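Visitor: Just so you know, we're using the numbering used here here: the sequence shown kicks off at 58 and counts up by one.
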Amino acid sequence: MKKNLDNCKKEILNDISRTISFRLCSIGIDLGLFEDISINGPSSSKEIASRKKYNERYVREWLYGISKTGYIDFDRKTRKASINDHYSELFVSEGGKNSFKGFFKVINNMMLPYENLISSFKNGGGIKFEEYNSEFWKGLDLTGCSRYRSFLVPEWIDQVPDIKEKLNKGVKFGDFGCGTGRSAVELAKRFKNSTFFGFDKFEPNIEEARINAKASDVVTNTFFQVWDADEGGPNDKFDIAGAFDLIHDLPNPQEGINAIKNSLKPGGIFLLMDIKCTDDPIDNDDPMALFKFGASLHFCMTTSLAYNGIGLGTVGLPFKKVEELCFNAGFENVKEIDINHPINSLFQIS
Ligand SMILES: C[S@@+](CC[C@H](N)C(=O)[O-])C[C@H]1O[C@@H](n2cnc3c(N)ncnc32)[C@H](O)[C@@H]1O
């Protein structure tokens, strides 16, 4: 149906408002404003500013603005703001199923190297890892923390009994593109008989992974090491290999899967988690589609192109492509596990 001009305008104005809403939420998360109100209950801008040692005028303007999003209630009489339990869980909690903190940090910070992105449109190339600030990586750490602590380890692993059984008995697990180690750490907490080896190209991630392992008391069954998928497999063999949100980012995904295949012992299993998508990118119409294309332009495709890669993109790994890459690498079976998640898909490959 053809929309009239007024409806088009409404849509765009709504987008503009929601962009500001997104930004105010990011400020509230980064400055601990939601957290402060959640801990201390109904508070005035003066009380918040005094506790946080912020400029009161800024806090007051933020409170007026954020109350228009509906995420914070503002009492006109007392001039106090409060947050309900649902929004506390969404904005303040870490590692839970409903924690959105990491999401906000990732999106807000991945959009910062804007000039670099504009320049890449004109000149090709892309944005390298070190051009993103540390808060971007912190955001990825938090999203990983939620996904592995609340989904992969307590739920999805139970849907792949072959893997669960091996992990219970005690095996060597290689976690390729481990980031800050959240998947390896959460797996190590549950499967104490197994040993987890995490590999990642970006050295600060490896350092953070070691810190996360220490904080979770799993230093005896986790090991982390810098590794670049473009340089082949590590000098070790594993019973199970995992790649969680790695392959679509790789400059050369085929080389990456070849390296993973070569690192497996005979009969080894490859657990691949990547982004849920359709064969033709334009057919991605799910509620997260816009987010996925945004993430692709601002990070996934763009970092791959920065390292002279093919730029597969966030929605570049549908089932058919997974099969193609895995069969080329010498795997024989690709089975998709039904995890019913809005962003991720999971495959058991052997
Ligand atoms: C989207 S992050 C996922 C990190 C982690 N698996 C998670 O889910 O939280 C992709 C990771 O792949 C790593 N990476 C990208 N290219 C790589 C390469 N060529 N070799 C090894 N790791 C790479 C990045 O450093 C980053 O940590």
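All residues carry an ideal CB built from backbone N, CA and C; glycine is no exception. This structure is a prediction, so every number in the text was calculated from the model and none was measured.
1. Quick check: the region 214-223 against the region 262-270, are there 3 or more CB pairs under 8 Å?
2. Mapping DSSP to helix, strand and coil, what is Lys-375?
3. Spatial neighbours of Ser-78 within its chain, please: CB distance less than 6 Å, with the 5 preceding and 5 following residues excluded, ordered by chain position.
4. Is Ser-150 a contact residue of ligand 1, with contact defined as CB to any heavy atom under 8 Å?
5. CA-CA distance, Ile-396 and Phe-91?
6. Rounded to the nearest angstrom, what separates Phe-301 and Tyr-205 at their Cα positions?
7. Grab me the residues of His-398's own chain with a C-beta within less than 8 Å of its C-beta, minus the 5 sequence neighbours each way, in chain order.
8. Given a cut-off of 9 Å on the beta-carbon distance, is the pair Ser-95 and Phe-148 in contact?
9. Report the CB separation of Ala-363 from Gly-182 in whole angstroms; it is logged as a contact under 8 Å.
10. Starting from Ser-139, trace the alpha helix (DSSP H) both ways and give me its first and last residue.
11. Out of curiosity, what's the CA-to-CA distance linking Asp-285 and Pro-291?
12. Among Ser-407, Gly-289, His-355, Leu-329, which one has its Cα closest to the Cα of Lys-322?
13. Any heavy atom of ligand 1 inside 8 Å of the beta-carbon of Tyr-364?
14. What is the DSSP secondary structure of Asp-130, reduced to helix, strand or coil?
15. Do Phe-256 and Phe-233 have their C-beta atoms closer together than 9 Å?
16. Look up Leu-307 in the DSSP assignment and say whether it is helix, strand or coil.
17. Taking the beta strand (DSSP E) that Leu-354 falls in, what are its first and last residues?
18. Could you say which of Arg-239, Pro-211, Gly-85, Ile-164 lies nearest to Trp-119 if we only look at CA atoms?
19. Applying the 10 Å Cβ sphere with the 16-neighbour rule, what's the burial state of Ile-175?
20. Which of the three DSSP states, helix, strand or coil, is assigned to Gly-196?
21. Just confirm the distance between the C-beta atoms of Phe-253 and Ala-245, as a whole number of angstroms; I'd bet it's less than 8 Å.
22. Label Met-58 either buried or exposed according to how many other C-beta atoms from any shown protein chain fall within 10 Å of its C-beta, with 16 as the threshold for buried.
23. Go through its chain and collect everything with a Cβ distance to Thr-335's Cβ below 7 Å, but skip five positions before and after it.
24. Tell me the residue span of the beta strand (DSSP E) that contains Gly-366.
25. Just to confirm the assignment: which complete alpha helix (DSSP H) runs, minimum length 4, are found wholly within the region 246-313?
26. Could you round the C-beta distance between Lys-294 and Ala-386 to whole angstroms and report it? I think they count as a contact, below 8 Å.
Guide: Quick answer:
1. As far as the Cβ criterion goes, the region 214-223 does not touch the region 262-270, which means the pair count is below three.
2. Rather than Lys, the amino acid found at residue 375 in this sequence is Pro. Three-state result, Pro-375: coil.
3. Here the set comprises Thr-126.
4. Every heavy atom of ligand 1 is 8 Å or more from the Cβ of Ser-150, so no.
5. Their backbone Cα atoms lie some 32 Å apart in a straight line.
6. Using only the alpha carbons, I get a separation of about 10 Å.
7. The beta carbon of His-398 sits closer than 8 Å to the beta carbons of Phe-208, Lys-333 from its chain, once the five residues preceding and following it are set aside; these are given in chain order.
8. Taking 9 Å as the Cβ cut-off, Ser-95 and Phe-148 qualify as a contacting pair.
9. Contact holds; Cβ gap of about 6 Å.
10. Taken as a continuous stretch (DSSP letters only), Ser-139 belongs to no alpha helix (DSSP H), being part of the beta strand (DSSP E) at 137-139.
11. Inter-residue distance for Asp-285 and Pro-291 is about 9 Å (C-alpha atoms, whole angstroms).
12. Nearest in C-alpha terms to Lys-322, of all of Ser-407, Gly-289, His-355, Leu-329, is Ser-407.
13. In this structure, the C-beta of Tyr-364 approaches ligand 1 to less than 8 Å from one of its heavy atoms.
14. In the three-state reduction of the DSSP assignment, Asp-130 falls in the strand class, which pools E and B.
15. In contact: Phe-256 and Phe-233 (Cβ atoms closer than 9 Å).
16. Leu-307: coil per DSSP, three-state reduction.
17. First-last for Leu-354: undefined, no H or E at that position.
18. The candidate whose alpha carbon is nearest that of Trp-119 is Gly-85.
19. Per the 10 Å Cβ criterion, exposed.
20. Here DSSP, grouped into helix, strand and coil, assigns Gly-196 to helix.
21. Correct: roughly 5 Å between the Cβ atoms.
22. By the 10 Å Cβ count, Met-58 comes out exposed.
23. Contacts found: Asn-341, Pro-375.
24. Neither: Gly-366 is in no beta strand (DSSP E) and is coded neither H nor E.
25. As far as the region 246-313 is concerned, its whole alpha helix (DSSP H) runs of at least 4 residues are 260-272.
26. Going by Cβ atoms, the distance from Lys-294 to Ala-386 rounds to 16 Å, so no, they are not a contact pair.
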